[in-house]
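Protein sequences appear in the order of chains A and B.
Using full-length UniProt numbering, you'd call the opening residue of the first sequence number 1 and step up by one each time.
Using full-length UniProt numbering, you'd call the opening residue of the second sequence number 1 and step up by one each time.
A virtual CB, placed ideally from N, CA and C, is assigned to each residue, including glycine.
Take a look at the structure below.
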Amino acid sequence: MSEPKHEALGLERDQLLSMFKTMLTARKIDERMWLLNRAGKIPFVISCQGQEAAQIGAVTALNTEEDYILPYYRDLGMVLHFGMTIQDLMMSGFARSEDPNSGGRQMPGHFGSKKHRIVTGSSPVTTQVPHAVGFALAGKIKRENFICLTSFGEGSANQGDFHEAANFAGVHDLPVIFLCENNKYAISVPVDRQLSCERVSDRAQGYGMPGETVDGNDPLAVYEVVKKAAERAREGSGPSLIETVSYRLTAHSSDDDDRSYRGREEVEEARQKDGIVTFAKYLKEHDLLSEDEEKDMHNSIQKEIDKATDLAESAAYAEVETTFNHVYDA
Amino acid sequence: MTTTAINTKKMTMIQGVRDAMHEMLKEHDDVMILGEDVGVNGGVFRATEGLYEEFGEDRVIDTPISESGIIGNSIGLAVNGFRPIAEMQFLGFIYPAFNQLMTHATRLRQRSMGRFTVPLVVRAPYGAGVRAPEIHSDSVEALFTQMPGIKVVVPSNAYDAKGLLIASIDDPDPVLFLEPMRCYRSSRTEVPDGKYNVEIGKASVLKEGDDISVFTWGAMVIDTMKAVEKLEAKKNVSCEVIDLRTLYPLDKETIAASVQKTGRAAIIHEAPATGGVSNDVISLINDTSFLYLRAPIQRVAGFDTPVPVYSLEQEYLPSTEKIQTAILHAVDF
Numbered sequence: 001m002s003e004p005k006h007e008a009l010g011l012e013r014d015q016l017l018s019m020f021k022t023m024l025t026a027r028k029i030d031e032r033m034w035l036l037n038r039a040g041k042i043p044f045v046i047s048c049q050g051q052e053a054a055q056i057g058a059v060t061a062l063n064t065e066e067d068y069i070l071p072y073y074r075d076l077g078m079v080l081h082f083g084m085t086i087q088d089l090m091m092s093g094f095a096r097s098e099d100p101n102s103g104g105r106q107m108p109g110h111f112g113s114k115k116h117r118i119v120t121g122s123s124p125v126t127t128q129v130p131h132a133v134g135f136a137l138a139g140k141i142k143r144e145n146f147i148c149l150t151s152f153g154e155g156s157a158n159q160g161d162f163h164e165a166a167n168f169a170g171v172h173d174l175p176v177i178f179l180c181e182n183n184k185y186a187i188s189v190p191v192d193r194q195l196s197c198e199r200v201s202d203r204a205q206g207y208g209m210p211g212e213t214v215d216g217n218d219p220l221a222v223y224e225v226v227k228k229a230a231e232r233a234r235e236g237s238g239p240s241l242i243e244t245v246s247y248r249l250t251a252h253s254s255d256d257d258d259r260s261y262r263g264r265e266e267v268e269e270a271r272q273k274d275g276i277v278t279f280a281k282y283l284k285e286h287d288l289l290s291e292d293e294e295k296d297m298h299n300s301i302q303k304e305i306d307k308a309t310d311l312a313e314s315a316a317y318a319e320v321e322t323t324f325n326h327v328y329d330a
Numbered sequence: 001m002t003t004t005a006i007n008t009k010k011m012t013m014i015q016g017v018r019d020a021m022h023e024m025l026k027e028h029d030d031v032m033i034l035g036e037d038v039g040v041n042g043g044v045f046r047a048t049e050g051l052y053e054e055f056g057e058d059r060v061i062d063t064p065i066s067e068s069g070i071i072g073n074s075i076g077l078a079v080n081g082f083r084p085i086a087e088m089q090f091l092g093f094i095y096p097a098f099n100q101l102m103t104h105a106t107r108l109r110q111r112s113m114g115r116f117t118v119p120l121v122v123r124a125p126y127g128a129g130v131r132a133p134e135i136h137s138d139s140v141e142a143l144f145t146q147m148p149g150i151k152v153v154v155p156s157n158a159y160d161a162k163g164l165l166i167a168s169i170d171d172p173d174p175v176l177f178l179e180p181m182r183c184y185r186s187s188r189t190e191v192p193d194g195k196y197n198v199e200i201g202k203a204s205v206l207k208e209g210d211d212i213s214v215f216t217w218g219a220m221v222i223d224t225m226k227a228v229e230k231l232e233a234k235k236n237v238s239c240e241v242i243d244l245r246t247l248y249p250l251d252k253e254t255i256a257a258s259v260q261k262t263g264r265a266a267i268i269h270e271a272p273a274t275g276g277v278s279n280d281v282i283s284l285i286n287d288t289s290f291l292y293l294r295a296p297i298q299r300v301a302g303f304d305t306p307v308p309v310y311s312l313e314q315e316y317l318p319s320t321e322k323i324q325t326a327i328l329h330a331v332d333f
């Protein structure tokens with residue numbers, strides 16, 4: 001029998017369990033958000049479901065004390081790994097003043113926290129991608145050793161900002177990882193109506209960087225390629241484009257009904273490959289996680305989410321007077 | 001205005017712009033320039049001449065033709081500790097970058113509750129009257145005065161250009177720095193060596209007068225001064241001319257004080273009348289000085305059309321005749 005994949009990658013049991021726990025936490029927060037939305041308690045949800053494995057695999061290859069992420073609105077798993085708490089995210093979902101992202105001013109899913117090294121983003125897709133390039137350029141000029149990972153959906157790979165940013169990063173050999181989380185749909189439009197090439201990663205060549213497509217349901221496979229890209233970036237060899245392929249298990253958002261554009265069989269089939277399910281299976285097969293441990297994990301996460309939900313629900317909105325704060329310096 | 005400089009030099013406005021950047025690059029390691037042809041070539045209008053040679057490729061960066069990328073990159077640089085000056089080759093080429101300005105540069109501060117800030121200056125040559133092709137002549141300042149989070153500055157001479165650009169680079173928020181192309185080499189003014197500020201948000205009274213307050217900015221300062229000079233030579237009328245210099249935030253005190261003194265106002269701008277900054281000046285006068293008015297406020301502006309090419313642009317632009325007619329209409333009302 002060949003060496004198990006995690007051993008070949010040098011990942012220890014506690015790291016693997018931590019990865020699984022963060023994936024599960026992201027999923028459960030997301031599920032709670034949908035319940036709260038359908039109960040009329042929060043206005044909007046935009047999901048990570050189906051992409052947790054790709055997100056956690058990627059950020060596990062980064063250094064949370066040194067590197068920066070410029071995520072997109074589905075990257076709930078990533079921001080948890082970088083230090084945001086369940087309570088932070090619940091405050092954001094309820095748009096409360098204690099939301100550390102924006103004090104309840106932004107949509108949920110629009111992450112930003114300076115202390116967690118998460119650069120704030122916005123709703124128009126792909127706009128964070130050139131920021132990552134400028135941010136990395138600043139680091140290169142200052143001779144700092146961090147790398148920037150910016151993520152986006154495959155829909156964003158068709159926006160000008162992606163191409164302008166990738167080109168600039170390629171010209172200047174900047175330490176940026178472009179992580180495309182291909183979930184196969186841009187709201188209702190499937191990949192074959194979006195891409196004129198087979199894979200998003202095919203575009204890397206045009207910008208003078210390596211491109212790789214990897215199974216986004218397998219956190220270990222994603223970890224492996226992102227680790228390689230991170231090493232490349234850190235040694236000054238420039239950017240990489242990585243495409244993780246998984247599936248968007250929910251509708252685009254709480255305001256979308258995906259039954260009009262895709263069949264239930266297709267979604268069901270994708271659920272069988274869901275990284276949360278397959279990674280749990282992997283861990284159990286390698287005696288890294290027992291049924292009891294898994295159950296305990298579910299329960300403890302659920303309790304924390306319940307607590308955070310109650311806290312956020314009873315927290316206050318921002319004071320009206322703060323509307324004028326921070327538009328300009330003074 | 002504060003100044004510690006002693007020696008002065010006579011220079012054109014484009015030289016004043018260059019002098020400001022030179023001064024700030026020399027004094028501050030975090031100041032840098034990005035744009036198309038700003039490096040080796042020294043800028044298509046020579047605004048960055050010699051700066052690449054003096055400060056090197058990390059401080060003066062030639063970018064691909066990629067306006068959204070330039071502004072997007074600059075936002076990343078600003079968030080990570082630099083003070084970038086991004087050049088748009090012409091204001092009419094800023095449209096691909098509008099998204100980055102509207103959704104990020106102007107909002108990062110508020111969105112992050114002051115934790116991420118964008119001390120960015122976007123420089124852009126603009127305006128008609130230099131026989132440029134389509135789009136190159138646009139005067140769309142009002143697109144940006146309705147964009148909370150950014151300041152909009154327009155010098156019309158070398159002294160103001162240098163002092164305002166230094167103030168813009170020192171400003172902790174994004175500033176759109178508009179450079180009227182007709183003013184680049186139309187006059188020379190005395191400019192102090194070294195660093196000095198012209199305060200953002202302060203208008204300049206170019207000429208005092210008693211009968212009407214004429215507000216203008218950019219290249220229209222040239223035509224307005226010419227119109228007023230000629231008019232005063234032949235008619236018994238005394239005009240106060242005010243160069244607003246900053247279009248957001250407007251200098252409420254100076255505008256109100258002038259109108260309360262003269263009782264009449266005219267506003268001259270080359271941008272299309274509808275939605276132009278003149279409307280904000282009129283609102284400001286209405287809010288502060290309505291009962292002082294002795295005549296309806298006059299407005300001379302561009303037509304509500306795209307700026308025509310050179311063969312017709314003189315018809316489009318407010319002429320000295322149109323300006324004089326408007327002034328007399330108010331004074332004789």
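(message) I want to verify the contact list: residues of chain B whose CB lies under 9 Å from the CB of isoleucine 141/A, in sequence order.
(response) Met32, Asp58, Arg59, Leu77, Phe82
(message) Strictly under 9 Å for the Cβ-Cβ distance: is residue 335/B near chain A by that measure?
(response) Residue numbering for chain B in the displayed model covers 1 to 333; residue 335/B lies beyond these limits and cannot be assessed.
(message) So glycine 112/A contacts chain B; which residues on that side make the cut at Cβ distance below 9 Å?
(response) Leu108, Arg111, Ser112, Arg115, Phe116
(request) Spell out the partners DSSP gives tyrosine 248/B in its beta bridges. (result) Val152/B
(message) My output table needs one value for asparagine 99/B: the three-state DSSP class, helix, strand or coil.
(response) helix
(request) Confirm, please, whether the CB-CB distance from leucine 70/A to isoleucine 29/A is below 9 Å. (result) no
(message) Please return the same chain residues whose Cβ sits closer than 7 Å to the Cβ of aspartate 161/A, not counting the five positions on each side in sequence.
(response) Thr126, Thr127, Val129, Pro130
(request) Compute the Euclidean distance between the alpha carbons of alanine 117/A and threonine 309/A, then round it to the nearest angstrom. (result) Checking the sequence shown, residue 117/A turns out to be arginine, not alanine. Taking the straight line from one Cα to the other gives about 25 Å.
(message) Judging by CA-CA distance, which residue of Arg271/A, Ser188/A, Ala39/A, Lys307/A is the nearest neighbour of aspartate 88/A?
(response) Lys307/A
(message) With a threshold of 9 Å between beta carbons, is glycine 252/B in contact with chain A?
(response) The sequence as given places lysine at residue 252/B; glycine does not occur at that position. It does not; no Cβ of chain A falls within 9 Å.
(message) If we define contact as Cβ-Cβ less than 9 Å, is valine 171/A a contact residue for chain B?
(response) yes
(message) Contact criterion: CB-CB distance below 9 Å. Does glutamine 100/B meet it with respect to chain A?
(response) yes
(message) Whether or not the region 212-230 of chain B and the region 255-268 of chain B are in contact is what I'm after, with contact meaning three or more pairs of Cβ atoms, one per stretch, closer than 8 Å; do they touch?
(response) yes
(request) Write down every uninterrupted run of the alpha helix (DSSP H) in the region 78-140 of chain A whose length is 4 residues or greater and which is fully enclosed by it, in chain order. (result) 86-93
(request) Have a look at tyrosine 185/A and serine 47/A and give me their C-alpha separation to the nearest angstrom. (result) 13 Å
(request) Starting from the Cα of lysine 151/B, find the closest Cα among Ser258/B, Asp211/B, Arg245/B and give me that residue. (result) Arg245/B
(request) Going by CA-CA distance only, name the one from Phe303/B, Val118/B, Ser187/B that's closest to leucine 176/B. (result) Val118/B
(message) Just to confirm before moving on: does the CB-CB distance between aspartate 211/B and arginine 264/B stay below 9 Å?
(response) yes
(request) Less than 8 Å between the CB atoms is what I'm expecting for serine 254/A and phenylalanine 44/A, so what's the real figure, rounded? (result) 6 Å
(request) Below 8 Å between beta carbons is the criterion; list the residues of the region 149-174 of chain A that meet it against any residue of chain B, in chain order. (result) Gly160, Asp161, Glu164, Ala165, Asn167, Phe168, Val171
(message) I need the straight-line Cα distance from glutamate 181/A to asparagine 80/B, nearest angstrom please.
(response) 25 Å
(message) Let's test the definition: count the other Cβ atoms within 10 Å of the Cβ of serine 195/B and tell me whether it reaches 16, buried, or not, exposed.
(response) Rather than serine, the amino acid found at residue 195/B in this sequence is lysine. Result: buried.
(request) Give the residues of chain B in contact with tyrosine 207/A, contact being defined as C-beta atoms less than 7 Å apart. (result) Near tyrosine 207/A there are no residues of chain B at all, since even the closest Cβ is about 11 Å away, more than 7 Å.
(request) Between the Cα of proline 192/B and those of Tyr248/B, Glu53/B, Tyr159/B, spot the shortest distance and give me the residue it belongs to. (result) Tyr159/B
(message) Contact defined as beta carbons within less than 8 Å: I believe asparagine 73/B pairs with leucine 34/B. What is the distance between those atoms, to the nearest angstrom?
(response) 7 Å
(request) Have a look at serine 97/A and tyrosine 223/A and give me their C-alpha separation to the nearest angstrom. (result) 35 Å
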